[in-house]
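Report on one structure; see the data block that follows.
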Amino acid sequence: MNKTELIQSVAETSNLTKADATKAVDSVLDAITSSLQSGSEVRLAGFGTFAISQRKATTGRNPRTGEPIQIAAANLPKFRPGKGLRDAVN
1 MNKTELIQSV AETSNLTKAD ATKAVDSVLD AITSSLQSGS EVRLAGFGTF AISQRKATTG
61 RNPRTGEPIQ IAAANLPKFR PGKGLRDAVN
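Under this note's numbering, the first residue of the sequence shown carries the number 1, and numbering increases by one thereafter.
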């Protein structure tokens, strides 16, 4: 399912117009993104938790030349599914 299909599904199940469903989906995604940018977790009970994971700087190798290269530290978004979601898909 892509974003367009998600918007269509939200519109159908909640009796919203596509425009209103688009605003709702975009608002949820923007709220999650801004919360993660500020360093906060987003916990949705029964669904899961969105969090930021820090990756340390490391030294890698260029596969073509074998030359060592520096890989910068980075913040990565991470999702941990909740019990309700795990149970629903099993």
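The beta-carbon is built from N, C-alpha and C at its ideal position, and this holds for glycine as well.
May I have the straight-line CA-CA distance separating residue i from residue j, to the nearest angstrom?
i          : j          : result
residue 5  : residue 65 : 44 Å
residue 73 : residue 17 : 43 Å
residue 26 : residue 88 : 25 Å
residue 29 : residue 59 : 34 Å
residue 79 : residue 42 : 10 Å
Kindly indicate which three-state DSSP category residue i falls into: helix, strand or coil?
i          : result
residue 84 : helix
residue 23 : helix
Leaving out the 5 sequence neighbours to the left and right, which residues in its chain are closer than 7 Å to residue i when beta-carbon positions are compared?
i          : result
residue 62 : 69
residue 56 : 73
Quick check on this structure: which residue in the options has the alpha carbon closest to the alpha carbon of residue i?
i          : options           : result
residue 51 : 45, 77, 57 and 15 : 77
residue 35 : 45, 58, 49 and 24 : 49
residue 53 : 38, 20, 90 and 23 : 38
residue 85 : 24, 67, 7 and 44  : 44
Residue i and residue j: beta carbons closer than 7 Å?
i          : j          : result
residue 21 : residue 11 : yes
If you drop the 5 nearest sequence neighbours on each side, which residues of the same chain put their C-beta closer than 6 Å to that of residue i?
i          : result
residue 82 : 46, 47 and 48
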